[in-house]
Each structure stands twice: as structure tokens, then as C-alpha cells.
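**Student:** Each protein sequence line maps, in turn, to chains E and R.
My numbering puts the first residue of the first sequence at 1, with every later residue one more than the last.
My numbering puts the first residue of the second sequence at 1001, with every later residue one more than the last.
2 protein chains.
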Amino acid sequence: MSGLTTQDQGYGSNVRPGCPFHEVRQKLRRVGLRPTRQRVSLGWVLFAKGQRHVSAEMLYEEAMKERIPVSLATIYNTLRQFTEAGLLRELTLDGAKAYFDTADHDHHHFVVEGENRVIDIPAQDIDVAALPAPPEGYEISRVDVVVRLRKVEG
Amino acid sequence: MSGLTTQDQGYGSNVRPGCPFHEVRQKLRRVGLRPTRQRVSLGWVLFAKGQRHVSAEMLYEEAMKERIPVSLATIYNTLRQFTEAGLLRELTLDGAKAYFDTADHDHHHFVVEGENRVIDIPAQDIDVAALPAPPEGYEISRVDVVVRLRKVEG
DNA sequence: TTACGTGCAAATAATTTGCAGTCCC
DNA sequence: GGGACTGCAAATTATTTGCACGTAA
């Protein structure tokens, strides 16, 4: 896959680290996840290596490429655990494939119709001015804006 | 593009306002879908009967309740055809279940975490003020705002 | 009539789960 | 050492598809 959208200028968490693995380990501990080999390695791919949106399958292939010994089932489990711990956010696209992205910053998404490509929109580029009050007994946990794109004829 | 209303602009003389089935039939014809028994019946459930968001399964149960003879496969086919024709919009929630809602008005959604409940937010209640320019070669086809709700402890 | 639509059941695709073996604290 | 974690394969769930038959134009 072309690194078109993986090429980026990095966020705050992308601290030119002395030891990314150590930071991932800490990050995991902080949210109560035991830093096992698989989790640390996958965390490294997700948080230190600049990967930003992945599907289970993409992460699995990435892991294979990096010689990380991990099974697809563990990928799924890990993605879910990370998401429950708040390290990732889930983004479900039409087409029944779930994507996950690093959750350390607020942002929204461009989604290209047809392809399954996702491009970040920095939070400050979208202004959701007015939000309705949630129904009685509920509170807003998160607001997602998905801007669907269509290729221009040409 | 967003001028679709249930109230149509008189196509022929055989418009019978007050006869929902006829209106559905016309609506289908207008988008090039042959108005078969199943499509008209499902269209009636979706457009005339006030149903607004349904999953395939929900629509199937609704159809059974209304004694509409239709198979689940046809439900899926029909939902997709309606969506491609612009009569419905697809909304994919975390949980790998697709929902569809009538597309005749702009609106956004509250989604209750855990449950698979969807509540409409009228377009005028959300103000997406600033939108970023789409990447070169793409145009915005649609903007979806999903407000996730969490039940308040009590 | 005749191409398009429908129903059934089997096929896919994405994701989850049960359980035996493994590893971290 | 002991409970949490992993891997495998089988199970689930949502959706699609192939093909014989039915039906609208």
C-alpha cells in the first residue's frame, strides 16, 4: 500500500524517543494492560511507528512485515482491548470493516467512497458549532464527523 | 441533489395523493426501479408508514408483521438498491450492523452506546460551521455527524 | 413473451470464542 | 507459581451470490 496518508508530521506523542518500546510499555501499564510481547509490539506499530488508521487485516500484515509473531485472533483481541482502554478509537465504515485509529488527539475523518481510505481531519479544521442537548438521562461521549468524498470526474 | 421530498411534483395525472402505495410506486419508477410487489411493500413500510431507521433484520421482522411475503435475501437486495438509488442512506455503526434511514431530509444521528438505538437529529440542530477543503481531485458528497451517547449513572 | 426480480440455501467475510499451552509479575 | 495472555480452529453474525422459478411490462 502506498504510504500516501501515512506520511505525516507526527503528533505530540511522537517524541523522538530514546526507547519507543519502553514508552509503549508504560502507556500500556498506565491503562492497566499487561505489557506482553504482542501488545508492546503492536503498540509500537500503532503509536510509535506512525501508523494511524488500521483495520485488523492491515495491522496483521504490518505485523508480519515486522516479523512480529502474532495471530489474527490476538490482533482482534488487542485492538478491542486498546479501544476499551481508550488508546484507540473505532471507526466503522460502510462495508462492514472496522478501522481503528490512535486516539491521542481529537480529529475527524475524510472517507473516500468506494475505496477504503481514511484521511484525518485535524480537529481545528472542523467546527461543530451547535450541538443539541442529549435526551434526558444521557450524556454525550463523543462526536464523530465523517466527510464522505467522491472522486471528481476527469 | 437534496430536493427529494415525499411530496412530489406531479408527474402524471394518476397521482393519487392519499394512496401511499401509488406514491411509492411512482417514487420507485422515478429512480428506475421496477415497482414489484416486494419493493412497493417495503417502500411503503419505509416511506409511508413512518419507519425511519431500520436494519435488515428489523425490516424483515416488520415485513413479517405486516404479512408481506419477502425473503431476507430480498430485503438485503432491496435495501441496497434503494440506497444506490438515493432513497435511503446507509449508516454503519460499530458492531458491524448496517442501518438505513429514509434520505428525504438532511439530518444527523444520536447513537446510544451499547444498545443499537439511533435517534435523529434534525439538520438545523447541528451546525457544522467550518469544513476543510477536500483533497485535490475529490469533492464532498456528504457529511455525517454521529453523536455518541452514554447513559448517565443514576 | 422476456428480461428482470425473488427465494432458497450455500458461500463469503469479518469478528468472536473455547480451550490448551505459554508467559509475565 | 498462578492467573492473565496467546494461538489455533471452530463458531457466530452480517451480508452476498448462484440458480431455478415467478412476474411486471
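Where is the CB? At the ideal position from N, CA and C, for every residue including glycine.
Between the stretch 135-152 of chain E and chain R, which residues of the former have CB atoms less than 8 Å from a CB of the latter, in chain order?
**Tutor:** Pro135, Gly137, Tyr138, Glu139, Ile140, Ser141, Arg142, Val143, Asp144, Val145, Val146, Val147, Arg148, Leu149, Arg150, Lys151 and Val152
**Student:** With a cut-off of 8 Å, do at least 3 Cβ pairs link the stretch 1100-1114 of chain R to the stretch 133-145 of chain E?
**Tutor:** yes
**Student:** Hey, could you find the ends of the beta strand (DSSP E) arginine 1067(R) is sitting in?
**Tutor:** Element bounds for arginine 1067(R): n/a, residue is neither H nor E.
**Student:** Can you find a C-beta in chain R that's less than 8 Å from the C-beta of threonine 92(E)?
**Tutor:** yes
**Student:** Which residue's Cα is closest to the Cα of isoleucine 1121(R): Val1145(R), Thr1102(R) and Ala1130(R)?
**Tutor:** Val1145(R)
**Student:** Determine, for valine 128(E), whether the minimum Cβ-Cβ distance to residues of chain R falls below 8 Å.
**Tutor:** yes
**Student:** Taking only the alpha-carbon atoms, compute the straight-line gap between alanine 129(E) and alanine 1056(R) and give it to the nearest angstrom.
**Tutor:** 34 Å
**Student:** If you draw a straight line from the C-alpha of valine 1054(R) to the C-alpha of threonine 74(E), how long is it?
**Tutor:** 33 Å
**Student:** Please list, in chain order, the chain R residues whose beta carbon lies closer than 8 Å to that of valine 112(E).
**Tutor:** Chain R residues near valine 112(E): Tyr1138.
**Student:** In this structure, how does DSSP classify alanine 1085(R) when only helix, strand and coil are distinguished?
**Tutor:** Collapsing the DSSP output to three states places alanine 1085(R) in coil.
**Student:** Let me know if lysine 27(E) comes out buried or exposed under the rule of 16 or more other beta-carbons within 10 Å of its beta-carbon.
**Tutor:** buried
**Student:** Take tyrosine 1060(R) and list the residues in its own chain whose beta-carbon comes closer than 7 Å to its own, dropping the five residues that flank it on each side.
**Tutor:** Leu1072 and Ile1075
**Student:** Check whether chain E comes within 8 Å of leucine 1042(R), counting only Cβ atoms and requiring the distance to be less than that.
**Tutor:** no
**Student:** With DSSP as the reference, label lysine 49(E) as helix, strand or coil.
**Tutor:** Lysine 49(E) falls in the coil class under three-state DSSP.
**Student:** Take proline 132(E) and list the residues in its own chain whose beta-carbon comes closer than 8 Å to its own, dropping the five residues that flank it on each side.
**Tutor:** Around proline 132(E): no qualifying Cβ.
**Student:** Just the C-alpha distance for histidine 1107(R) and arginine 1039(R), rounded to the nearest angstrom, thanks.
**Tutor:** 25 Å
**Student:** Distance, Cα to Cα, lysine 151(E) vs arginine 1034(R)?
**Tutor:** 29 Å
**Student:** Can you tell me which of Gly137(E), Arg25(E), Gly32(E) and Leu93(E) puts its alpha carbon nearest to the alpha carbon of glycine 86(E)?
**Tutor:** Checked all of Gly137(E), Arg25(E), Gly32(E) and Leu93(E); the closest Cα to glycine 86(E) is Gly32(E).
**Student:** Just verifying my parser: in three-state terms, what is the DSSP assignment at alanine 56(E)?
**Tutor:** Helix.
**Student:** Over what stretch of residues does the beta strand (DSSP E) that includes leucine 149(E) continue unbroken?
**Tutor:** 138-151
**Student:** Identify the contact partners of proline 20(E) in chain R, using a Cβ-Cβ distance below 8 Å as the criterion.
**Tutor:** By Cβ distance, chain R contributes nothing, its closest Cβ being about 29 Å from proline 20(E), past 8 Å.
**Student:** When the cut-off is 8 Å and only beta carbons count, does isoleucine 1121(R) lie next to chain E?
**Tutor:** yes
**Student:** Could you give the residue range of the beta strand (DSSP E) that holds histidine 1105(R)?
**Tutor:** Per DSSP, histidine 1105(R) belongs to no beta strand (DSSP E) and is neither H nor E.
**Student:** Could you give the distance in angstroms between the alpha-carbon of isoleucine 1119(R) and the alpha-carbon of histidine 1109(R)?
**Tutor:** Answer to the nearest angstrom: the Cα atoms are 6 Å apart.
**Student:** In this structure, does DSSP put proline 20(E) in helix, strand or coil?
**Tutor:** helix
**Student:** Whole angstroms is fine: what's the gap from threonine 78(E)'s alpha carbon to valine 24(E)'s?
**Tutor:** 14 Å
**Student:** Which of helix, strand or coil does DSSP assign to isoleucine 1075(R)?
**Tutor:** helix
**Student:** Looking at arginine 30(E): is its Cβ nearer than 8 Å to the Cβ of aspartate 101(E)?
**Tutor:** In this structure, arginine 30(E) sits away from aspartate 101(E), with a CB-CB distance that is not shorter than 8 Å.
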